[in-house]
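Trainee: To start, I am sharing the structure in question, which I have written as C-alpha cells.
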Amino acid sequence: MTARRSNPPGRRTVAILLALSLFSVSTGATTGAVAARGSAPDAPTHLTVGDRPHPLAVNGPPQFGWWPQDSDGNEVQTAYQLRVFQADGTEQWDSGKVQSSEQQYVQYAGPALAVGTPYRWTVRTWDRAGRVSPWAPPASFETGITDADWEGAAWIRRPSTEPDDYTLVRKEVAIPSGRVVRARAYVSAYHQYRLYLNGAEVDDGPAFSYPGEGYYQVTDVTRQVRARGPLAIGVLYHWYGGGQGRPAAANARGMLLKLVVEYADGRRQVVVSDGSWRVRRASQFETGAPRRNSDAGDYTERIDARQEPIGWTKPGYDDTAQPWTPATVVGAHPTTDVPRLVGQETRLTKTVRRPVSVRRFADGAVVADFGVVIPARPVIRFDHGVSGRVVDIQTSYNLTADGHASTGETDTQGSNLTMRYTQRDGAQQLEANLHWGWRYLEIKAPGAGEQLGAADIAAIVEHTDVDPDRAARFVSSDPTLNAVWALLRRSALYSVQHQFVDTPTREKGQFLGDAVDISYATMAAFGERDAIQQAIREFLHSQDRYWTSGNDLGRYNAVYPNGDGKRDIPDYSEMFVNWVWRYWLETGDTALVRQAYPYLRHTADYVTRHIPATGPTAGLVTNLSGGSGPYQYGIVDWPAPGRFGYDMDTAARTTINVQGYDVLRRTADLAEALGRPAAEVTAYRRPAERLRDDINAKLRREDGIYIDGLYADGRQSTHAGQHSTSYAIALGVAPAADFPRLADHLASLGMKQGPMTAHWLLQALADANRADAVLTRLTDADDLGWANVLARGGTFTWEQWNPEGSESYSHGWGAQAAVDVLGTMLGVSVAAPGAARLSVVVPDIELRSAKGTVPTQRGPVTLDWRRQPTGGVRATIDVPVNVTATVSLPGAVEYDADGPGQPRFLGEHNGRAIFEVGSGQTRFAPRHR
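The sequence shown begins at 1 in my numbering and counts up one residue at a time.
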C-alpha cells in the first residue's frame, strides 16, 4: 500500500471515510488476526442520571446513562435491562430486556416516582453474541420537589431597601434522639445565599434568574444533623440589584428553606422558613461601598470584622435582642412574585489555591502572585489583629514596573478591584463573599507584627463542577502547543461559574455568543453537560419572555438572564441553532433537542423572512433585524479591531448569510433526527440549498475568494476579510473543489480574526486539508494568536488580541480553540450523535508526536501517535465499548495493524490508509520493507 499524498483530510473527508467503512476492501495491508471472543461483558460503570452520578434534584423523568464494559475487543451493546428500586428495596420498575445500543439519555418509563425521594438503580447489558453482563453496582438518584411540595415553607426577608443587601437569617431547632438516615436541605434565595449548620458552611447557591425561571438547590446534610441535640440553621443571603447576568428581581428579595430529616424508625421531621425565624442586617458588610463597575454591578466589599455577630451560625447564640427581629413573611411558596422553582443541576467547585510567590516591600506592603489569572475570593489570615486597623487590598491582572499591583485601566478591566477590611482584636480571617478575576493580590499595610506568607494568603477559586472521569488530556512534542492547550483548558473552565460568563470580572454576564464559544471548549476539554443544558434552556426562556411575535419571533436575548431587559445581536441568534446541533452531536440527547426544536424553527423563519425575492440583494439575507449601534444587523466580531476592516456598510453580509445557511441546514438536520415529516425537513433543506447557491453566485470575487457582502444597491464590497472565506468553508458553503485556493488565501493572511471567531478560521483550515496552517496559527508567537498571548505574559485568553481601555485579560471565548487542538492536532472528533462513531485523523504535520484522552458521551478515547523517521506513524488507540472509529493514517507507507479492536483495512483515500476499528486497543505501525 503506497500513499501518494501527505496532507491530512479535512473534516468533510469524514463522510467519505464513513462511506468506506460500509464495505471491506482487500489490500496489501496487514491486520491482526481476529481474537477469540467468549467472555461475557463486565458490569457497566459510570452510571449517571441526567449526566450526574448521584443527583439530588431530578426534574421530570430520569434520563439514565452508563458505560458498557467488556474485556473482549470490538464489542458492542445489543441490549440492556434497567431496574429501579425504592429505598427499602422494593422494585419500582424493571424495563425488561430492551434490544437497543442506546446507553445515554434512556428515559424512565415506569410508575410515577414520588417527589423528594431517593431511589437506587442498576443496569446490565448484552454483547454482540448475546452474553449478559453482571448487574452494575447500584447507583442512586433523588427526585426533586415541585412548587406544591414545600410543605408550608415561606419566602422570608428582612425589610430593606438597601441596594447591596446582606441579611442574616437563623433558627435553632432540636434534633430528637434516634438514628438519622437521611437529611436534605432545599434552599432558594435572591440573589445568592450561604447555608450554615452548627457553624459549618454546607452549601451556597445562586438565583441569577428571572422569578418564575428560578432555581432551588438541594444538599445532603445527613452528616451535620446526625448528632442528637440542637441544630443551628443560618443563612446569609445577598441581594444586590440588577446587572449583567443578573435581573433585579426586586420583589423576590429574600430566602426560602425546607429541611427534611428522616429517621430509621420512619419518623420524618420537617423544618421550614416562616415567621418564627430571626433576621438582622449582616452589619460586617459596610453600607455605601462603591460598585466595581457599571457592567456586572457588583459592589466592592468593605468588611468591618468588629461588627460581625460572632457565633450566629452556632447553637446557643442569643438572637432574642435587637438588632435581631422576626422575619417578614412574604408568603408560602409559590408566591405571585416567585411562582416557580426547579432543582438546579449545576454546582460550584471551590478549590483553595496558594500563591506561587509572596514579596514584601519596605513600606510594609505584601504582594502575592497566584501564577495565573483566577476567578476567586481572597482569603487572608491575620494572627495579630488590632481593633479598628484598616487593611486595604488591591487585586490586579498585572504588576507595575516596581512590582506593585497595577491600578491601570486595562490591568483592572476598568474596574475597582479593591477590598477593605477593618480588623477586630486577635487572630481572624478575612474571606471575600463574591469572586472576581485577578492574578495579583496586594495587602497595603497588614500591620505591625504580621509577617504574611504563602501559608497566610489564599484564594478560593470558583468554577462549575466537572466530572474528573471526563477530563481531556493532551501533550505533544511541541512545548508551545502544550502551553496553548493548558491556556485554553484553564480559560474555558474558569469562564463558567453559576453560568457562562464573558469575563469573571467586568461583566460576569451570560452573553449568548460567549456561552456558545466557551461551551464548545468545555464539552471538548471536560465533557461538560449540565451548564450547557441550563444555558440552552435559559436562552429558550429569553425567546418566550421577549421575542414572541412579528419580526421579533425567532430571536434570543444577547445576554440572559440579565438586568437590562430586551436586547439581541442577530448573529448570536443565528449561533444558537448551531449550538444546539453541536450539543446533540456530542451527546445524542434528543430530549433537549425536542424541547428546543420549536424555537429553532422560529429562528429559521426569522432568517428566511429577511431574504428578499426581488431587488438588488434578492436571494440573500439582508439587514437581518436586531442589534443597535455597532451591533446593528450583526456583530461579525468583537471588539471592533477584531473585524480587521470587515465592511460593516454591506446590507447582505457574508458572515450573516453563511450563518443563515447553517441555521436552515441544522434545523433540517435536527428535524430529521427527531423523525419529523419529510415535508418539514425539506421546508428547511431546500431554502438552505438555495441560499448556499446564491452566496456562491453573488458573494465571491472572480478568483473565488469571498467578499464581505453586497451593498443595498447590489454592488459588491471590495473588501474580502478573512471572516468571509473562513465561515464559507467551516459552515459548509464553499465548494470542496475550491478548498486549496481558499485555504492558501486564508493561510496567507495570518491571523485576521478576533478571539471570538478564531475557531472558525482553524476549522476552515482543517476542513481544507491544512492542518499545517492550524499548527502555525496555534503556535506562532510573532503573529496575533494564543501563543502571542502567552509570549506577552497572558495566562487566560483575552477579549481581543491587543486589549485596550477596559477590555478583558480574562475572556473565555478564545478558548473555543480547544476543539481544534483535540480534533485537528491530536486528531479525534465525534462523527455520529452521542459518539457512536468517531473520526480519527492523524495529521501529517511538523509535529513529532501527540498523546491525549478525549472525553465522549460513551467514554474516554485515548490516542498516542509518533512520527517515524522512515515515514508514517506508530499509533495506539483505545476505543470505548459500543463505539466504532474510522482511523486515517498518513505517509507513503503500508501499515500493520493489530489488537483487540480488530482493525479492518478499508482502502486508501488521498494517499492515506483508512481503517475501521472497534472497542479496545488497536496498534498501528509502518510495515518494515
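Glycine included, every Cβ here is placed at the ideal spot set by N, Cα and C.
Quick one: residues in its chain with C-beta nearer than 7 Å to the C-beta of D694, no 5 flanking neighbours on either side, listed in chain order?
Mentor: Taking the first residue of the sequence shown as position 1, residue 694 is located at position 694. Around D694: G619, L620.
Trainee: What is the DSSP secondary structure of P598, counted as helix, strand or coil?
Mentor: Mapped onto the sequence shown, residue 598 falls at position 598. Helix, per DSSP.
Trainee: Counting only the same chain and skipping the five closest in sequence on each side, list residues whose C-beta sits under 6 Å from that of L761.
Mentor: Looking up residue 761 in the sequence shown gives position 761. Excluding positions up to five away in sequence, the list reads S726, Q753.
Trainee: Thinking just about the alpha-carbon of each residue, which of A483, S888, P206 is nearest to the one in P903?
Mentor: The residue you call residue 903 lines up with position 903 of the sequence shown. Cα-wise, what sits closest to P903 is S888.
Trainee: Quick one: Cα of D369 to Cα of P833, how far?
Mentor: For the purposes of this step, residue 369 is taken as residue 369 along the sequence shown, with counting starting at 1. For the purposes of this step, residue 833 is taken as residue 833 along the sequence shown, with counting starting at 1. Taking the straight line from one Cα to the other gives about 44 Å.
Trainee: Where do the ends of the alpha helix (DSSP H) carrying R777 lie?
Mentor: On the sequence shown, residue 777 is found 777 positions in, with the first residue counted as 1. Per DSSP, R777 belongs to the alpha helix (DSSP H) from 771–779.
Trainee: When DSSP builds the beta bridges, which residues end up paired with P326?
Mentor: Numbered from its first residue, the sequence shown carries residue 326 at position 326. Note: P326 sits in a beta bridge opposite R278.
Trainee: Measuring only the C-alpha atoms, how far is A455 from N416?
Mentor: Stepping through the sequence shown from its first residue, residue 455 is reached at position 455. Stepping through the sequence shown from its first residue, residue 416 is reached at position 416. So the alpha carbons of these two residues sit roughly 26 Å apart.
Trainee: Where does R353 fall in DSSP's three states?
Mentor: Numbered from its first residue, the sequence shown carries residue 353 at position 353. In the structure shown, R353 sits in a strand (DSSP, three-state: E or B).
Trainee: To the nearest angstrom, how far is it from the Cα of A531 to the Cα of T464?
Mentor: Taking the first residue of the sequence shown as position 1, residue 531 is located at position 531. Taking the first residue of the sequence shown as position 1, residue 464 is located at position 464. C-alpha separation (whole angstroms): 8 Å.
Trainee: Determine the contact status of A558 and G629, defining contact as a CB-CB distance below 9 Å.
Mentor: Mapped onto the sequence shown, residue 558 falls at position 558. Mapped onto the sequence shown, residue 629 falls at position 629. Cβ atoms of A558 and G629: not closer than 9 Å.
Trainee: Which residue wins for smallest C-alpha separation from P803, given the options S748, K851, A683, P639?
Mentor: What you label residue 803 is simply residue 803 of the sequence shown in a count that begins at 1. Nearest of S748, K851, A683, P639 to P803, Cα basis: P639.
Trainee: Measure the beta-carbon distance from A483 to L790 and round it to whole angstroms, keeping in mind my assumption that it falls under 8 Å.
Mentor: As a position in the sequence shown, residue 483 is number 483, starting the count at 1. As a position in the sequence shown, residue 790 is number 790, starting the count at 1. Indeed, because the Cβ distance is near 6 Å, the residues count as touching under 8 Å.
Trainee: Using the C-alpha atoms, what's the distance from D70 back to T587?
Mentor: Position 587 of the sequence shown, counting from 1, holds the residue named residue 587. Position 70 of the sequence shown, counting from 1, holds the residue named residue 70. Straight-line Cα distance between these residues: approximately 22 Å.
Trainee: Of the choices Q451, A232, K171, whose alpha-carbon is the least far from that of W277?
Mentor: Taking the sequence shown and counting its residues from 1, the one referred to as residue 277 is at position 277. For W277, the nearest C-alpha among the options comes from K171.
Trainee: Do A651 and T622 have their CB atoms nearer than 9 Å?
Mentor: Indexing the sequence shown from 1 puts residue 651 at position 651. Indexing the sequence shown from 1 puts residue 622 at position 622. Taking 9 Å as the Cβ cut-off, A651 and T622 qualify as a contacting pair.
Trainee: Identify which residue in S829, R692, G750, G709 has its Cα closest to the Cα of P843.
Mentor: Along the sequence shown, read from residue 1 onward, the residue named residue 843 stands at position 843. With distances taken between Cα atoms, P843 lies closest to S829.
Trainee: Who are the near neighbours of Y948 in its chain, counting only those whose CB is closer than 8 Å to its CB and skipping five residues on each side?
Mentor: The requested residue 948 is not part of the displayed model; the chain covers only 1 to 929.
Trainee: Does DSSP put E916 in a helix, a strand or coil?
Mentor: Residue mapping note: residue 916 aligns to position 916 of the sequence shown, counting from 1. E916: strand per DSSP, three-state reduction.
Trainee: Of the choices Q192, E75, S100, whose alpha-carbon is the least far from that of L82?
Mentor: As a working note, residue 82 is residue 82 in the sequence shown. When each option's Cα is compared against that of L82, the closest is S100.
Trainee: On the DSSP bridge assignment, give the partners of G229 in chain order.
Mentor: Taking the first residue of the sequence shown as position 1, residue 229 is located at position 229. Paired residues: I175.
Trainee: Buried or exposed: where does R11 fall if 16 or more other Cβ atoms within 10 Å of its Cβ makes it buried?
Mentor: Here residue 11 corresponds to residue number 11 of the sequence shown, with the count starting at 1. Note that R11 scores a pLDDT of 48, beneath 50, so its modelled location is shaky and nothing firm can be said.
Trainee: Anyone know if the C-beta pair for W581 and T590 falls short of 9 Å?
Mentor: Counting from 1 along the sequence shown, the entry for residue 581 is found at position 581. Counting from 1 along the sequence shown, the entry for residue 590 is found at position 590. Not a contact, by the Cβ cut-off of 9 Å.
Trainee: Where does I991 sit, in a helix, a strand or coil, going by DSSP?
Mentor: Any property of residue 991 remains undetermined from this structure, which presents the chain solely from 1 to 929.
Trainee: Near A885, which residues of its chain fall below 6 Å by C-beta distance, leaving aside the five closest residues on each side in sequence?
Mentor: For the purposes of this step, residue 885 is identified with residue 885 of the sequence shown, where counting begins at 1. Counting only Cβ-Cβ distances below 6 Å, and skipping sequence neighbours, we find L838, V840, V879, V917.
Trainee: Please report the distance separating the alpha-carbon of E162 from that of A289.
Mentor: What you label residue 162 is simply residue 162 of the sequence shown in a count that begins at 1. What you label residue 289 is simply residue 289 of the sequence shown in a count that begins at 1. Cα to Cα, the separation comes out at about 11 Å.
Trainee: Let me know if R912 comes out buried or exposed under the rule of 16 or more other beta-carbons within 10 Å of its beta-carbon.
Mentor: Counting from 1 along the sequence shown, the entry for residue 912 is found at position 912. So R912 ends up on the buried side.
Trainee: Considering only residues of the stretch 43–77, which uninterrupted alpha helix (DSSP H) runs meet the minimum length of 4 residues and lie entirely inside it, listed in chain order?
Mentor: None, since the stretch 43–77 contains no complete alpha helix (DSSP H) of that length.
Trainee: Taking 9 Å as the cut-off, decide whether the C-beta atoms of A405 and I460 are in contact.
Mentor: Working through the sequence shown from its first residue, we reach residue 405 at position 405. Working through the sequence shown from its first residue, we reach residue 460 at position 460. No, these two residues do not count as a Cβ contact at 9 Å.
Trainee: Between I374 and L430, how many whole angstroms is the CB-CB distance? I'm expecting something under 8 Å.
Mentor: Reading the sequence shown from its first residue, position 374 is the one you call residue 374. Reading the sequence shown from its first residue, position 430 is the one you call residue 430. At roughly 17 Å, the Cβ-Cβ gap does not stay under 8 Å, so I374 and L430 are not in contact.
Trainee: Suppose contacts are defined by Cβ-Cβ distances below 9 Å. Is R306 in contact with Q423 by that definition?
Mentor: Within the sequence shown, the letter at position 306 stands for residue 306. Within the sequence shown, the letter at position 423 stands for residue 423. Taking 9 Å as the Cβ cut-off, R306 and Q423 qualify as a contacting pair.
Trainee: Identify whether S381 lies in helix, strand or coil by the three-state DSSP scheme.
Mentor: Working through the sequence shown from its first residue, we reach residue 381 at position 381. One detail in the question is off: residue 381 reads as Arg in this sequence, not Ser. Reduced to three states, the DSSP call for R381 is strand.
Trainee: Is E442 helix, strand or coil by DSSP?
Mentor: For the purposes of this step, residue 442 is taken as the residue at position 442 of the sequence shown. Strand, per DSSP.
Trainee: Using CA coordinates, which residue listed in Y606, I443, R643, A515 is at the minimum distance from S724?
Mentor: Residue 724 sits at position 724 when you count from the first residue of the sequence shown. Nearest of Y606, I443, R643, A515 to S724, Cα basis: R643.
Trainee: Kindly list the residues whose CB is nearer than 8 Å to the CB of N298, restricted to its own chain and excluding five residues on each side of it in sequence; keep chain order.
Mentor: Here residue 298 refers to the residue found at position 298 of the sequence shown. Contrary to the premise, residue 298 reads as Asp rather than Asn in this sequence. Only Y240, G243, R291, R292, L434, W436, K508 meet the Cβ criterion.
Trainee: In whole angstroms, give me the CA-to-CA distance for P926 and E409.
Mentor: Taking the sequence shown and counting its residues from 1, one reaches residue 926 at position 926. Taking the sequence shown and counting its residues from 1, one reaches residue 409 at position 409. Cα to Cα, the separation comes out at about 56 Å.
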